[in-house]
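Which chain is which? The protein sequence lines are A and B, in order. Numbering-wise (the working numbering), the first sequence opens with residue 119 and increments by one. Numbering-wise (the working numbering), the second sequence opens with residue 77 and increments by one. Ideal Cβ placement from N, Cα and C applies to all residues, glycine included.
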Amino acid sequence: MEYSFSDEQQQFRGVVQRFMRDKSPMTEVRRLMATKDGFDRDLWMQSCHDLGLAGLHIPEAYGGAGFGFVEVGIVAEEMGRSLLCSPYLGSSILATSVILHAGSEEQKRDLLPDLIVGKTVACLAFAEASGHWNSDGVELTALQSGKDVLLNGKKKFVLDGCAADVIIVVARRPGTHGREGIGLYITEGMSTGLGRRSLDTIDETRKLAELSFDRVRAQVLNDSEGAVAAIGHALDDGAIALANEMVGGAQALLDSTVEYTKLRMQFGRVIGSFQAVKHKCAEILLDVELAKSAAYYAAEARAENHPDVSMLASLAKATAADAYMRTAIEAIQLHGGIGFTWDHDTHLWYKRAKSSEVLLDDPTYHRNRYMAFQEVLHELK
Amino acid sequence: MSLSDDTRIQQDVRAWLEENWDPDVSLIDWRNKLADSGWGVPHWPKQWFGREMPVSMMPIIDAEFERIGAVGVAKIGIRMLAAATLLDCANDNQKSRFLRPILTGEDTWCQLFSEPGSGSDLAGATTRADRDGDNWIINGQKVWTTSAHHAEWGLLLARTDWDVPKHQGLSFFVVDMRQDGIEVQPLKQMNGYASFNQVFFTDVPVASENLVSAVGDGWKVAMTTLAHERRTSDALRRWGKVSDRPGRIYDEERAEVATVMEPYKWYPQRAGRIDLIWPRMVETGRMNDPMVRQEVAKLLMLSCTAEWTAQRARAAQAHGRPQGPEGSLGKLASSHLARAAAKVHTLIGSADALLKGSDGATNGVIAEILLSVPATSIAGGTDEIQRNIISERVLEMPKEPRMDGGAFRDVPKNPVRKR
């Protein structure tokens, strides 16, 4: 482990930061969060072209940039800081990750190039009404029909589900239970029998959909045992990217809060001179820095194919989620009344913190998962 | 320093050790030889027992000592803070009197800074030093003084001027601890140990030649000591390491380490003993309690992230980058970690947390954790002071308005207890 970014990575961060500052000011975030898709197709294509965002960690053989996951973490962190509205997490991480891990060579060559340039957007339809990202709980069925399948059932909490051109669905063969019979299938956004409803999300900067499948024709991406493993990889990738996104958001809140306390006058002095306020800010800084260490460590572990990457992904997701949420609560508190108004921007990060806490399962779930991995480690010793 | 410098230094120290190392001489004779050769403290100036080598060379030199089994200079305890302070701030006369017996281990030292009335506010010291001809006369009380009962010398912060602002009225002295008028009493702590002392001064004369730096420079000198204390706090873990080889010189070194380390034997417990969490969970069979699992996971995650944050600070330093906020956070993180550990040890042990000693879990170690953890957020700078430092220096937030400006005489103080 390096525990630090290389000079090239620092420069890359600078470039990403400038792009976000120019292209995604808060006026733009507020405009996009009021739209149906929740992001701007042209801006997304531009960021894929200028920064290579969507293909950052995709091997060069498929047209990607071939970078590691540390760079993904940097991008995610800067997106979290600027609240960029984009299909990055849903399409470039979750959906792309299953394609990379589960798709055939032909499918990769077919799907990845358009995703990389931003011409298409994909989503991973996984969780259902139970609200867990866990293969065991999947009820949607895939019925064999010639060389294709027919999908029947419902998906919920699907990131960018309404905007996606390519829909990857986790489904099971009828009559199977647990992890047995789980497969990955591909269909299109315009497929017959597919109903898409945009869900009313508390975090309006991140759109979720409910998808209903009534005999929707789909192709097999992978219906072998590799499907469950690929889903596992995708969830780890998602958790690590999201953890890095969260620490970026938490840092933005800390910065804006500290800045505000240095300006706001009460009782004849700036409120940032009161120890009650300063001590809170010091604790937030500690929280954010500890969470950064977790998020960076997990990204580096993923880049190096560390054997404990799943455990570290859960550690990072749980730590960053708790830190982000605590930071968001204190950020509103320290802003006082103005922090509770719609016109002030703090609530937008608060809502992103809340959606990040629960998306891809909450900290309690991830702590439990972490303990299961710890048990295995201790038994091996 | 290039690779060839590394190799040359390694060859030099190896050759010198092979020619001179003798496990059958006395510890003091050997260390005198080390002091004369410059290999005992090679990073010190040539004039003062060193070779002016960069600190980065030390691991190479230490490894050669380890390879041959050679004992080093006395480098544990408060004596190293004294040495560092004297090297930075003392005059040549003082350096030539005090440094050699520190290195040989003949003299032990103690630090007389904290007082009952000034803890976090160290500059509010009221122990007085009044001039009387060629002497200064010391009166007052110090507290939390490690090793005072066997120290030859003390580093004393005392007030020499009451009519200037408090930081300007302090001076720094070296005090002979073996003289009349100094009374050392053990101070028993809530965990039952008495690792520290209270030291009472009644009309104790200190010769002017023992004033370190100028009159009124005491705060600056004390800051030097504290900066070294922060740097060496990491070393505490390594201090306890002693060779188990047979032989006179090793016996003498083991006895020295045992004496100096005596006050620190509960220190691992005050940090929370994260290493005992898993064995305790297995031992008590509470592994499958969902509540326990959540709390243990939180604790282990905090332990990892605190360690990685320290690593990030070290990596930034190694890359020559300005240290980020991660460097100032370690102390506060260890307080949180210690408290969380005590909570989890209680959760795992349930009713066993009522008992200590041989009735307690893990032969009393768990009870010792519960009773020692409160020290972590106080000793070496309270959490409140750490939060002030972090918010003011890292986040650049303004200071609280102060009530202690002007002549120290007029600043409100704690009442002095009469004995």
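Item, Value
"Could you tell me the distance, in whole angstroms, from the CA atom of M377 (chain B) to the CA atom of D256 (chain B)?", "53 Å"
"Does the count of Cβ pairs from the segment 128-147 of chain A and the segment 293-310 of chain A closer than 8 Å reach three?", "no"
"Tell me which residues of the segment 387-399 of chain A have at least one Cβ-Cβ distance to chain B shorter than 9 Å, keeping chain order.", "R387, V388, G390, S391, F392, Q393, V395, K396, H397, K398, C399"
"With a 10 Å radius around its C-beta and 16 neighbouring C-beta atoms as the bar for buried, classify M77 (chain B) as buried or exposed.", "Residue placement at M77 (chain B) cannot be trusted, given a pLDDT of 47 that sits under 50; what the coordinates show is reported in the next sentence. With fewer than 16 other Cβ atoms within 10 Å, it is exposed."
"Give a yes or no on whether the minimum CB-CB distance between M77 (chain B) and chain A is below 8 Å.", "Only weak support is given to the placement of M77 (chain B): the predicted model assigns it a pLDDT of 47, under 50, and the value that follows is read from those uncertain coordinates. Chain A contact via Cβ: absent."
"Whose Cβ in chain B lies nearer than 8 Å to the Cβ of T379 (chain A)?", "M473"
"Mind checking which residues open and close the beta strand (DSSP E) that includes N439 (chain B)?", "Neither: N439 (chain B) is in no beta strand (DSSP E) and is coded neither H nor E."
"Which residue spans inside the segment 186-268 of chain A form an unbroken alpha helix (DSSP H) run of at least 4?", "187-200, 214-220, 223-235"
"Is the beta carbon of E257 (chain A) sitting closer than 8 Å to the one on G279 (chain A)?", "no"
"Using a beta-carbon distance cut-off of less than 7 Å, what residues from the segment 412-430 of chain A approach chain B?", "A412, Y415"
"Compare the beta carbon distance of I402 (chain A) and L372 (chain A) with 8 Å and say whether it is the shorter of the two.", "yes"
"Can you confirm whether the segment 436-451 of chain B touches the segment 393-405 of chain B when touching is taken to mean that 3 or more C-beta pairs between the two stretches lie within less than 8 Å?", "no"
"Would you mind telling me which residues of chain B sit closer than 8 Å to M489 (chain A), beta carbon to beta carbon, in chain order?", "R369, V372, A373"
"Here's a check: name, in chain order, each residue in its chain whose Cβ is nearer than 6 Å to the Cβ of R356 (chain B), leaving out the five neighbours to either side.", "I424"
"Looking at chain B, which residues of the segment 246-269 of chain A have a Cβ within less than 8 Å of any of its Cβ atoms?", "none"
"What does the Cβ neighbour count give for F458 (chain A), buried or exposed, with the cut at 16 atoms within 10 Å?", "exposed"
"Do W467 (chain A) and A370 (chain A) have their C-beta atoms closer together than 8 Å?", "yes"
"Looking at A158 (chain B): is its Cβ nearer than 8 Å to the Cβ of W185 (chain B)?", "yes"
"Kindly confirm or deny that the segment 325-343 of chain A and the segment 431-440 of chain A touch, where touching means at least three C-beta pairs closer than 8 Å.", "no"
"Return yes when the C-beta of P177 (chain A) is under 7 Å from any heavy atom of the ligand ATP, and no when it is not.", "Of ligands this structure carries none, so the ligand ATP is not represented either."
"Can you tell me the Cα-Cα spacing of A282 (chain A) and S316 (chain A), whole angstroms?", "12 Å"
"Please say whether S200 (chain A) and M119 (chain A) have beta carbons closer to each other than 8 Å?", "no"
"Using a Cβ-Cβ distance under 8 Å, would R306 (chain B) count as near chain D?", "This model lacks chain D altogether; the protein chains it does include are A and B."
"In whole angstroms, what separates the C-alpha of D81 (chain B) from that of A417 (chain A)?", "37 Å"
"Taking DSSP's pairing of strands, which residues face M383 (chain A) in a bridge?", "A:V388"
"Suppose the cutoff is 6 Å on Cβ atoms and the five residues either side in sequence are ignored; what does the same chain contact list for S190 (chain B) look like?", "V219, W220"
"From the DSSP output, in three-state form, read off L478 (chain A) for me.", "coil"
"Assuming C143 (chain B) is part of the alpha helix (DSSP H), what are its boundary residues?", "This sequence places Arg at residue 143 (chain B); Cys is not what is there. Residues 134-144."
"Assuming D405 (chain A) and A436 (chain A) make a contact with CB atoms under 8 Å, what is their CB distance in whole Å?", "That belief does not hold up - the Cβ atoms of D405 (chain A) and A436 (chain A) are roughly 13 Å apart, past 8 Å."
"Under a three-way DSSP split, which group does M77 (chain B) fall into?", "For M77 (chain B), the predicted model reports a pLDDT of 47, less than 50, meaning its position is unreliable; a value from the coordinates is still stated below. Reduced to three states, the DSSP call for M77 (chain B) is coil."
"Nearest-angstrom Cα distance between K273 (chain A) and Y180 (chain A)?", "30 Å"
"Counting only C-beta atoms, is W354 (chain B) closer than 8 Å to chain A at any point?", "yes"
"Is it right to say D321 (chain A) is buried, meaning 16 or more other beta carbons lie within 10 angstroms of its own, or is it exposed?", "buried"
"Please name the residues in the segment 375-392 of chain B whose beta-carbon is closer than 8 Å to at least one beta-carbon of chain A, in chain order.", "L376, M377, L378, C380, T381, A382, W384, T385, Q387, R388, R390, A391, A392"
"Do you know how far the Cα of E195 (chain A) is from the Cα of D160 (chain A)?", "22 Å"
"Provide the residue span of the beta strand (DSSP E) that contains N273 (chain B), from first to last.", "272-283"
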